[in-house]
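J.: Counting from 1, one number per residue, gives the positions in the sequence shown under UniProt numbering. This is the structure I want to talk about, given as structure tokens.
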Amino acid sequence: MTQWFIAAERPAHLTCMLPLEGLSDPYRENLCRGGVPNTPFFGFVGSFLYGSQKREDVAAMLHKYPLMNEYWEDKRPDISLIQCPAYVLASMSTGLHTVGSLRGFEDIPHEKKWLRLHSTQEWHDLYQDRSIVDFKKFLDFHMKGERNGWEETPKVRASASIDNLPFTTWPSPEAENTIFHLSADGTLQSTPSSITTGQLTYQSDAIVPNNDTDPEELSFTYTFQARTRLIGSSKAVLYMSCPDHDDLDVFVILRKADAHGKVLRNVNIPFAELKAIGGSGIEDVTDPQDVSKINVLQYIGPSGILRASHRAISPTLSKHNFPVHEHTSEEKITPGQVVKLEIGIWAAGIEFEEGERLVLRVSGHDMRMPEFEPLRGKFATGNKGRHVVHIGGEHDSHLVLPLMEC
């Protein structure tokens, strides 16, 4: 994150930059994503990650300033000022840095920029020999003037089962935003005439174990008829109401299921390497699916979060298929009032074979794996009572996915 700020100052001696997993808007991306505070994470990390001097208590500051203001804007670097060449690294699986890295790459105003979206846990990728060689090649080209062929590197390299798929820019021009309509029978349909209209509900304040077996989640499924890649950011547009409260915290996630309907998880570090590293009893684990259910080790899919009272969209910050919200004021709802929620879903690279399935889940609790075990079940919401998803007719709840055929 610091690199964005430094480069935006345009120091004369700065030749190039290498932002690795670069958060770029702490309020929107991390601390209060979608308007829902995530103070337990910052309290936990702040208990052991600190320097020799004092630091800001951002969790306390969020309590003091719950809406976007000058304090939070000051922590959002103006990336449009950056002039030096940049190598931007991002992981699809992190719950912390993906969208910040992509925003940084997109907002750099020149063409001397390269993006690599990799498929493993961020710390694992950082220290791989192949990554270090790649970083050095970029730095040697710009810092030493070595003619090592760096300029031939694709501007964007993304991962969707296959690593380093080349693209000319980001978002991928090859991906087409495709609409799927929610149906009350639990399916996703490509045409609105095929859906079953109705209302589906879940208990928004249910106590859940946060271990991928949680109750009170709605599921909507689409089966692919041909090999297809999802590459980029998605969006859920949901018409929702709550008869019991004046606000809703809504969580969505995209999951991959096999041809038999089994919902899958992805081990973030190659299993053989993970066992070789050892620790925490991993040496005795024989099935990759038995690896500890934390996001550092198991990625389950891209997610989105939105508090209904924060639903106002910023037309200047939103781009492509990804809505960015203002968060400068609250607009509470009347109990029972139906509101339109546009929820940005973080970027992903997922490949589906013919017969495999995409599952959209909607709930009132965070469905992601916790980043660390002490945080399991600690993400608190402001939800009360039941949430209603309205489907069909004037309430065209739908999902927009960036898809390309393989």
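Here a beta-carbon is modelled for each residue, glycine too, at the ideal position from N, C-alpha and C. Predicted model, so just to flag it, every value in this text is computed and none were measured.
Classify TRP170 as helix, strand or coil using the three-state DSSP reduction.
T.: coil
J.: Just mark TYR50 as buried or exposed, buried being the case when its beta carbon has 16 or more other beta carbons within 10 Å.
T.: Its Cβ having fewer than 16 others within 10 Å, TYR50 is exposed.
J.: So the alpha helix (DSSP H) MET61 belongs to, where does it begin and stop?
T.: 58-64
J.: For the pair the stretch 219-231 and the stretch 179-199, tell me if three or more CB-CB distances fall below 8 Å.
T.: yes
J.: For ASN148, which of VAL156, LYS155, LEU139 has the nearest alpha-carbon?
T.: LEU139
J.: Given this structure, state the Cα-to-Cα distance separating HIS110 from SER80, to the nearest angstrom.
T.: 9 Å
J.: Nearest to CYS16 by alpha carbon, out of TYR87, GLN225, SER101?
T.: TYR87
J.: Measure the C-alpha to C-alpha separation of LEU89 and SER101 and round it to an integer number of angstroms.
T.: 7 Å
J.: Return helix, strand or coil for TYR299, following the three-state DSSP convention.
T.: Of the three classes helix, strand and coil, the one that applies to TYR299 here is strand, per DSSP.
J.: So, using beta-carbon positions, are HIS325 and SER309 closer together than 8 Å?
T.: no
J.: Please say whether VAL296 and GLN121 have beta carbons closer to each other than 8 Å?
T.: Yes.
J.: Which runs of the alpha helix (DSSP H), 4 residues or longer, sit entirely within the stretch 52-121?
T.: 58-64, 70-73, 98-107
J.: In its own chain, which residues sit with a C-beta less than 6 Å from the C-beta of LEU165, not counting the 5 before and 5 after it?
T.: ALA158
J.: Please confirm whether VAL388 and SER241 have their CB atoms less than 8 Å apart.
T.: yes
J.: Exposed or buried, what is MET143 when buried is set at 16 or more other beta-carbons lying within 10 Å of its beta-carbon?
T.: exposed
J.: Tell me which residue opens and which closes the beta strand (DSSP E) that ARG368 is part of.
T.: From DSSP, ARG368 is part of no beta strand (DSSP E); its letter is neither H nor E.
J.: Do ARG227 and GLU405 count as a contact pair if the criterion is CB distance below 8 Å?
T.: yes
J.: Could you tell me the distance, in whole angstroms, from the CA atom of ILE305 to the CA atom of PHE41?
T.: 16 Å
J.: Taking the DSSP output, what are the residues bridged to GLN203?
T.: ARG386
J.: What is the DSSP secondary structure of ALA347, reduced to helix, strand or coil?
T.: strand
J.: Just to confirm before moving on: does the CB-CB distance between ASN268 and PRO370 stay below 8 Å?
T.: no
J.: Taking PRO402 as part of the beta strand (DSSP E), name the residues at either end of that continuous run.
T.: Looking at the DSSP string, the run of the beta strand (DSSP E) that includes PRO402 is 398-405.
J.: Compare the Cα-Cα distances from ARG103 to each of GLU283, LEU317, VAL252 and report the closest residue.
T.: Minimum Cα-Cα distance from ARG103 among the listed residues GLU283, LEU317, VAL252 corresponds to LEU317.
J.: Taking buried to mean at least 16 other C-beta atoms within 10 Å of its own C-beta, is ARG130 buried or exposed?
T.: exposed
J.: Quick one: give me the first and last residue of the alpha helix (DSSP H) that ASP129 is part of.
T.: 129-139
J.: Assess contact between the stretch 16-31 and the stretch 64-75, defined as three or more Cβ pairs (one per stretch) separated by less than 8 Å. Is contact present?
T.: yes
J.: At which residue ranges does the stretch 304-359 contain complete beta strand (DSSP E) runs of 3 or more residues, listed in the order of the chain?
T.: 339-352
J.: What does HIS395 pair with, by DSSP beta-bridge criteria?
T.: GLY392
J.: Which two residues bound the contiguous beta strand (DSSP E) that contains VAL156?
T.: 156-160
J.: Which term fits PHE322, buried or exposed, when burial requires 16 or more other beta carbons within 10 angstroms of its beta carbon?
T.: buried
J.: Which residue marks the beginning of the beta strand (DSSP E) containing LYS256, and which one marks its end?
T.: 249-257
J.: Report yes if the C-beta distance between LEU399 and SER234 is below 8 Å; otherwise report no.
T.: yes
J.: Whether or not the stretch 241-261 and the stretch 331-341 are in contact is what I'm after, with contact meaning three or more pairs of Cβ atoms, one per stretch, closer than 8 Å; do they touch?
T.: yes
J.: Does GLN337 get closer than 8 Å to chain C when you measure Cβ to Cβ?
T.: This model lacks chain C altogether, as it is built from one protein chain only.
J.: Within the continuous alpha helix (DSSP H) that includes LEU218, where are the two ends?
T.: Not the alpha helix (DSSP H): LEU218 falls in the beta strand (DSSP E), residues 217-223.
J.: Of all the options ALA347, ASN69, ASP284, which has the alpha carbon lying nearest to the alpha carbon of ALA272?
T.: Per the Cα distances, ASP284.
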